[in-house]
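*Asks:*
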């Protein structure tokens, strides 16, 4: 909330400035601001530079007060590093985030399709305040690279806020779900069906944000792309959400879903026979704990639970004859039919 402060004539600006000049608290706050904003390992401030800056602000300081104030900051837990010399220099050492961590966050935000350009700029500006002004410039090197992949509007952010509130309150939600027609227009799926969902969590996957929840009418866990949820129809019900059936549901989805649109009724235990050269790719996809067994000098069998979808089949097809589906028989048959349908188009 913003407030407007009005000088009604009772406030003496000169008296305030006079109070600041001898105010140790004001001096400490300014020193802390300088160290946070203007210093890092490559850009320390010397004692004389601090004194000059303080005097520009109308604050009375000397070498002793600078030393005493720095010592007090260190005693209070701030990692102020002292570079010893005849004119000691100082910089802020450890911060909330390392520069490399800030870069990771900025890169992720910049690359995200779900975060609008305006929200991206706002988030990056906030992250810049967590490092020195020099490091802040380093965070901007790729700011404009992904501008063209950010189609989402503020409405998506409002949808996320509402979903987060519903999850926190453990309340059911109702909404319409959109899909594109042949004219590239978004329209409500299934003639405007209103979904009744117990929301579990939001999850990021392959450049999109998803809601995972329990559909009360079908009693199944389902996934919805958040940018396809009709925000104008989204309401939070007074009814309590159905409790999560599986504490490890998020982990299970990330490991087993080849498409976040997969549903739990598609879950199968699948055995894949792979050439040895694919072992690293399989571990990257399924994790180091995945069950593997050497079957001959050139192949190993991989056994895992996953959601069998067309996305899974298209992933398999990338490897050609380097992977064979061994079981279960129904998945073997479904994969054959998937390939045959593709081949029919080229006869």
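In this note's numbering, the protein residues as written are 1395 to 1741.
Ideal Cβ placement from N, Cα and C applies to all residues, glycine included.
Since this is a predicted model, take the numbers as computed values, not measurements.
1) Under the rule that 16 or more other beta-carbon atoms within 10 Å means buried, what is residue 1612, buried or exposed?
2) Identify every residue that forms a DSSP beta bridge with residue 1571.
3) Here's a check: name, in chain order, each residue in its chain whose Cβ is nearer than 7 angstroms to the Cβ of residue 1668, leaving out the five neighbours to either side.
4) Could you work out which residue in 1446, 1471, 1487 and 1466 is closest to residue 1477 when comparing CA atoms only?
5) Below 7 angstroms CB to CB, which residues in the same chain sit around residue 1593 once its five sequence neighbours on both sides are set aside?
6) Could you please give the first and the last residue of the uninterrupted alpha helix (DSSP H) stretch that includes residue 1529?
7) Counting beta carbon pairs with one atom in the segment 1460-1475 and one in the segment 1499-1509, are three or more of them shorter than 8 angstroms?
8) Are the CB atoms of residue 1491 and residue 1440 within a distance shorter than 9 angstroms?
9) Residue 1626: which of 1498, 1473, 1552 and 1661 sits nearest, CA to CA?
10) Does the distance from the C-beta atom of residue 1603 to that of residue 1587 stay below 9 angstroms?
11) Whole angstroms are fine: how far does the CA of residue 1527 sit from the CA of residue 1701?
12) Tell me, to the nearest whole angstrom, how far the beta carbon of residue 1704 is from that of residue 1732; I am working on the premise that it is less than 8 angstroms.
13) Taking residue 1664 as the reference, give the member of 1672, 1534, 1427 and 1728 with the closest Cα.
14) Does residue 1674 pass the burial test, meaning 16 or more other C-beta atoms within 10 Å, or should it be called exposed?
15) Restricting to Cα atoms, I'd like to know which of 1578, 1424, 1585 and 1573 is closest to residue 1618.
16) So residue 1448 and residue 1421 are in contact, right, with Cβ under 8 angstroms, and what is the actual spacing, rounded?
17) Since residue 1699 is in the beta strand (DSSP E), which residue starts that stretch and which ends it?
18) By Cβ distance, which residues of its chain are closer than 6 angstroms to residue 1680, with the 5 residues on each side in sequence left out?
19) Compare the Cα-Cα distances from residue 1671 to each of 1682, 1683, 1691 and 1661 and report the closest residue.
20) Roughly how many angstroms lie between the CA atoms of residue 1678 and residue 1711, to the nearest whole one?
*Replies:* On the basis of the supplied data:
1) exposed
2) 1623
3) 1676, 1693, 1694, 1696, 1716 and 1717
4) 1487
5) 1557, 1560, 1561, 1567, 1605, 1607 and 1635
6) 1527-1532
7) no
8) no
9) 1552
10) no
11) 48 angstroms
12) 7 angstroms
13) 1728
14) exposed
15) 1573
16) 7 angstroms
17) 1693-1701
18) 1698
19) 1691
20) 18 angstroms
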